[in-house]
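Chains as they are written, first to last, in my numbering: chain A, 1 to 491; chain B, 1001 to 1132. From the three backbone atoms N, C-alpha and C, an ideal C-beta is built for every residue, glycine too.
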Amino acid sequence: MNQYPAFLIIAPLLAACLIAAAAWLRRSLCFPIAVLGLGTSFLSSLGVAARVLAEGHFQYRMGGWAPPLGIALEVDYLNAPVLVAVSGAALVSLIATRQIVEREQGPKAPAFYTLMVLAVTGMLGMTATGDAFNLYVLLEISSITGYALTASGDRLAPLASLRYLLLGTIGASFYLLGVGLLYMMTGTLNMADLSGLLPALYGSDAVFAAFLLILCGIWLKAALFPLHAWLPGAYSHASHASACLLAPLMTKVMIYVMLRIMFTVFTPAYVFEQISLEGFVVTLAVVAVVAGSLMALAQRNLRRMAVYIVVAEVGYMVGGAWLGNQTAWTGAILHLLNDVLMTLCLFLAIAALAGRMETTDFKDLEGLFSTMPFSMGALVLGAMSIIGVPPACGFFSKWFLLKGAIEAGRYDFLAALLFSSLINVVLFFRLFEYALYSGDDHHGHGGHKYIEIHEAPLSLVASLWAAAAGILAVGFYSGSIVNNFIKPALM
Amino acid sequence: MESITGLILAKYNYWMYISLMMIGLYAMIAKNNLVKKIIGMNILQTAIILFYISIGAKKGATIPIIMHSEGHGHEAVHAVQYMNPLPHVLMLTAIVVSVATLGVALALAIRLYARFGTLEEDEINDQIREAP
């Protein structure tokens, strides 16, 4: 019962080792072990969330060593829902992409599962850890496995992956350097300890430099607009299996890390009063939202379009976090959770379509509503959420973000959000128009042509609908998520 | 003038790591050859390792091993006399990370060379433009 936080991270780590071993003995065991590992961490994350609901913030001391000397996993109102979202989305995308992995990787499928499970280990660890250096190590675990995962894809995937690796390493190195400066100033790496020691040093230039270096590192890994150059290539050339795992999770976990650094290591008092960067960062976010949306509009391919939507969504969350009022923070955190689901739904739908089509170019999507009704149905739900249509979860977080922008008096951010929503309407309705129109209908011949339903594999469609149901469920329960987790987290 | 020299000489370890970092970043951004970019990446990581190592050092301090030989066991430990071992230990992990990153990067470079027959980025881009 009290070991849940440890299981959360150890189960996938152990599963990764076991998969590598099972590859030598019985290939058929690899996938069940991966599901078992991620399933255990999903259940543990539910246990952790339940405990947070019951008693609030708690600490798990690794090996019984008390922080600041030992490394502790800290779970509170902020990261408990993130843990649930990350482990749940990872489990769903693992199950969904089984056929894709087996088909594309062949004999190397066990290695691919190992990488997938290890990447999730890193992300969960980053979310749960209470130690700044530990976070760096886990960041690199998920990044290095992420580079390997993106490298398996089409002809250009290795190049995209190498670019991702070079930029990702700069980002991680900046984070490490910033943590080094904080250590130099305070002599501790524990986040709670840092937040206790730092207020006395808030005037220091070294602390300011550390904050900037950490932020730049995180933004590089989170693909905030001018630093997003690696993302479109990496996620559009990678295998669909890797994209379904990484696109929903990696940027979102980095946004969580940004929130953690802003709220726990530093305090809102430092971020918004001591230094005044919020004007600049929100402007950056406005540019990110507008540029991401415009670049998405320029694409003629569904997958490349989705990739730029991810870039725009990063702008939403960074802007929300830096508007500097409770409403906007609520919106940013809720949007983080929603975006995991929305992006998962979108990329799973793309994987489902791509399994049946030659490409995901718009012109190849003709008539898909009749041949793949279930996949397209889930895609419609995902699109509604990304646009922000009420019953879907995307509406609620966008509402908080809009209200926060008004409270902060940042009407440019408000305009950017509305503009991006409008662009999203255009993006998806253009797509649906292609998908509704069946290219070879014979007007003159009359009568209804029998159209064969040619759906994606069951596990993929089922997982896709699980994600779509998640969008609706989080939409319906967004009030209680805000009241039970996000409001206490911001207290 | 003197104060600038003093600033450079007194904090030469920072200047060293900053120069190394800039060399690494320059190579990553400006070089056309992918292996040179990868080398630049490694220089950048090494620069940060150097920074951590240097902040653990102290003037006149010795290696952080407490001698528990006979007759010395009960002496008080003066932390001032020892270098700070923690940054060094952290950097063991960072070295492992940089080795792993380098390994993945080189593996990708091998794959690219097999596919395009070159490691010059502009030549690879030309090939992609001709046959996307």
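Query: Residue from LEU458/A, GLY292/A, LEU460/A whose Cα sits closest to the Cα of PHE419/A; Result: GLY292/A
Query: Where GLN1081/B meets chain A, residues with beta-carbon distance less than 8 Å; Result: The premise fails here: GLN1081/B is roughly 17 Å from chain A at the closest Cβ pair, so nothing lies under 8 Å.
Query: C-alpha distance - GLY47/A paired with ASN2/A, whole-angstrom precision; Result: 9 Å
Query: Beta carbon proximity, PRO158/A to chain B, threshold 8 Å; Result: yes
Query: Minimum C-alpha distance to TYR1082/B - residue among THR1062/B, VAL1097/B, ALA1047/B, MET1091/B; Result: THR1062/B
Query: LEU464/A versus THR121/A - alpha carbon distance; Result: 23 Å
Query: Buried versus exposed, by CB contacts within 10 Å (16 or more), TYR1026/B; Result: exposed
Query: Whole-angstrom C-beta distance between ILE214/A and VAL179/A, which should lie under 8 Å; Result: 7 Å
Query: Where the beta strand (DSSP E) through PHE58/A begins and ends; Result: 58-61
Query: Bridge-paired residues (DSSP) for ASN1033/B; Result: GLU1120/B
Query: Neighbour-count burial assignment, SER397/A, 16 or more Cβ in a 10 Å radius; Result: buried
Query: For PHE42/A and ASN79/A, the rounded distance between their alpha carbons; Result: 14 Å
Query: Terminal residues of the alpha helix (DSSP H) in which ALA285/A lies; Result: 278-298
Query: Reference ILE1128/B; option with closest CA among ARG155/A, SER45/A, TYR316/A; Result: ARG155/A
Query: Under the three-state DSSP convention, the category GLU366/A falls into; Result: coil
Query: Supposed contact pair ALA285/A and LEU427/A - C-beta distance, whole angstroms, cut 8 Å; Result: Their Cβ separation, rounded to whole angstroms, is 20 Å, which puts LEU427/A and ALA285/A out of contact at 8 Å.
Query: Cα-Cα separation, HIS442/A to ASP412/A; Result: Note that HIS442/A scores 46 on pLDDT, short of 50, meaning its location in the model is unreliable; the coordinates nonetheless yield the value given after this. For HIS442/A and ASP412/A, the distance between alpha carbons rounds to 49 Å.
Query: Listed by chain order, chain A residues near ILE1048/B by CB distance under 8 Å; Result: SER173, LEU176, LEU177, GLY180
Query: With 16 other Cβ atoms within 10 Å as the buried cut-off, status of LEU422/A; Result: exposed
Query: Opening and closing residue of the beta strand (DSSP E) in which VAL1077/B lies; Result: That residue, VAL1077/B, is in no beta strand (DSSP E); it is neither H nor E in DSSP.
Query: Below-8 Å beta-carbon distance, LEU1092/B vs any chain A residue; Result: no
Query: Boundaries of the beta strand (DSSP E) in which ALA72/A is found, first to last residue; Result: 72-75
Query: ALA111/A versus ALA20/A: straight-line alpha-carbon distance, rounded; Result: 7 Å
Query: Interfacial residues, the region 1-28 of chain A to chain B, with Cβ spacing under 7 Å; Result: none
Query: Span of the alpha helix (DSSP H), counted from its first residue to its last, around TYR175/A; Result: 157-186
Query: Within-8 Å CB hit, HIS443/A to chain B; Result: Legend: pLDDT at HIS443/A = 47, less than 50; position of this residue unreliable, value from coordinates given subsequently. Chain B contact via Cβ: absent.
Query: Burial state of GLU55/A (16 or more Cβ within 10 Å); Result: exposed
Query: Separation of LEU302/A from LEU353/A, as counted between CA atoms; Result: 10 Å
Query: Beta-carbon spacing of ALA192/A, GLY130/A below 8 Å; Result: yes
Query: Per-residue DSSP class, three states only, for ALA229/A; Result: coil
Query: Through-space distance from CYS216/A to GLY1024/B, alpha-carbon basis; Result: 17 Å
Query: Sequence-distant residues of the same chain with beta carbon closer than 7 Å to ARG98/A, five excluded per side; Result: PHE31, SER459
Query: 8 Å Cβ cutoff met for TYR519/A and LEU381/A; Result: Residue numbering for chain A in the displayed model covers 1 to 491; residue 519/A lies beyond these limits and cannot be assessed.
Query: Helix, strand or coil at THR1062/B according to DSSP, with G and I counted as helix; Result: strand
Query: Span of the alpha helix (DSSP H) around GLY217/A; Result: 205-222
Query: Contact with chain A by ARG1129/B, beta-carbon distance below 8 Å; Result: no
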